[in-house]
Amino acid sequence: MVELSDVARRLIKLRLQMMVVNEKYKAAEYKIPIHLAFGHEAIAVAIDLSMTAEDQLICSHRNIHYNLVRESNLGPVMDEYFLRENGLGRGCLGSMNLANPTKKLVYSSSILGNNLPVATGLALANDLRESSAVTFAISGDGAMEEGAFYESLVFLSSQNLRGVVVIENNDWSLGTRVKERRRPIDVKLLSRSVGVDYMRLSGNDCVTYTTTLRDVVAGVRQRCRPAIIEVDVSTLGEWILKNDEHPTGKVINYHAGPAPTVVLTGSPVIANTIADPVYVLEKQLGCNAIEEIASEMAKKLG
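Each number in our numbering comes from the position in the sequence shown (counting from 1) with 305 added on.
Printed below as a string of structure tokens:
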């Protein structure tokens, strides 16, 4: 059973940790690019709570939320972002390639779509070792445009491998929406065509996400049939582009760099809509409970 109070603590702690990173980023203290993940916390916590000790997690360039939720402590991740020798990757991996094999986050890639065939290979290796481990691969609505996405699905399915591909669909790739760069892709139909199970998650209810994901993973493990989880996310921290083409300004979804509109002081809620997982928690638990949990978690950062 998934406890709402436990989920709330994990999720709010993750939000606050990223807010701390963002404050350092705004102060220009890093020498490396970092892709923050405000708004992605619900799926990260749900995956963390759905993994067994033998499962593996393979991430993309936007991996801060998974690294923080798996490591739990901010210190080693922060030290890595400062390229210190005592960092999580001994100061050699930085942000976009940051992995933590001891916590089963075994690989991250700065190359779009590159992590998918790597995850497929790991799933095959698990099968050859007769392991029941499930391999999770994190993708997005941009990376799914790469050929490696389709090829990985076909291989996972044809070899009956235990793999879960998670698509964090925020409708953006860099500064362009899906409708600005391609026709819509029906992932459910695509999944069916290659014999892969499909589930879509939306609404940022982390308890529901966790319960659903655990059921899907159990099916993947038992039936040796891969699955796709498409998650509707909003990457919070948008900014306004003003140029000759857009003199009055165009809203650009956050992609990378500091999020200037996100501040650490006050409430951990960034947007008062269901696009924000913390706002969803606030509607479930109340403002006072969220403030108490945030105060408690703030004392445990580090």
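Backbone N, C-alpha and C define an ideal beta-carbon position, used for all residues, glycine too.
Under the three-state reduction of DSSP, residue 312 is assigned to helix. Taking a contact as a CB-CB distance under 8 Å, the pair residue 352 and residue 518 counts as one, their CB atoms being some 7 Å apart. Your pair residue 469 and residue 439 checks out as a contact, with CB atoms roughly 6 Å apart and the cut at 8 Å. Note on geometry: alpha-carbon atoms of residue 405 and residue 411 lie some 6 Å from one another.
For residue 445, the beta-bridge partners assigned by DSSP are 473. In this structure, residue 339 lies near residue 386, with their beta-carbon atoms less than 8 Å apart. By the criterion of a C-beta distance shorter than 6 Å, residue 396 is surrounded in its chain by 388, 389 and 390, once the five residues flanking it on both sides are discounted. Under a 10 Å Cβ-count criterion, residue 556 is classified as exposed, with fewer than 16 other Cβ atoms of the shown protein chains found around its own Cβ. Taking C-beta atoms as the reference points, residue 466 and residue 523 fail to come closer than 8 Å. Three or more pairs of CB atoms, one per stretch, sit closer than 8 Å, so the segment 312–321 contacts the segment 598–606. Less than 8 Å divides the Cβ of residue 537 from the Cβ of residue 507.
Distance from the Cα of residue 434 is smallest, within the candidate group 510, 558 and 359, for 359.
Counting only the Cα atoms, residue 594 lies some 43 Å from residue 552. Judged by DSSP secondary structure, residue 464 falls outside any beta strand (DSSP E); it is assigned neither H nor E. By the criterion of a C-beta distance shorter than 6 Å, residue 448 is surrounded in its chain by 417 and 418, once the five residues flanking it on both sides are discounted. When the Cα atoms are used, residue 366 and residue 560 turn out to be separated by approximately 11 Å.
Straight-line spacing of the CA atoms in residue 364 and residue 473 works out to 11 Å. For residue 335, no beta strand (DSSP E) encloses it, and the DSSP letter there is neither H nor E. Residue 550 sits in coil when the DSSP states are folded into three classes, being neither helix nor strand.
Beta bridge pairing from DSSP links residue 503 with 533. Around residue 432, the same chain offers 466 as residues with beta carbons nearer than 6 Å, after the five sequence neighbours per side are excluded. Taking all protein chains in view, the Cβ of residue 591 is surrounded by fewer than 16 other Cβ atoms within 10 Å, so the residue is classified as exposed. DSSP places residue 556 in no alpha helix (DSSP H) but in the uninterrupted beta strand (DSSP E) bounded by 555–557.
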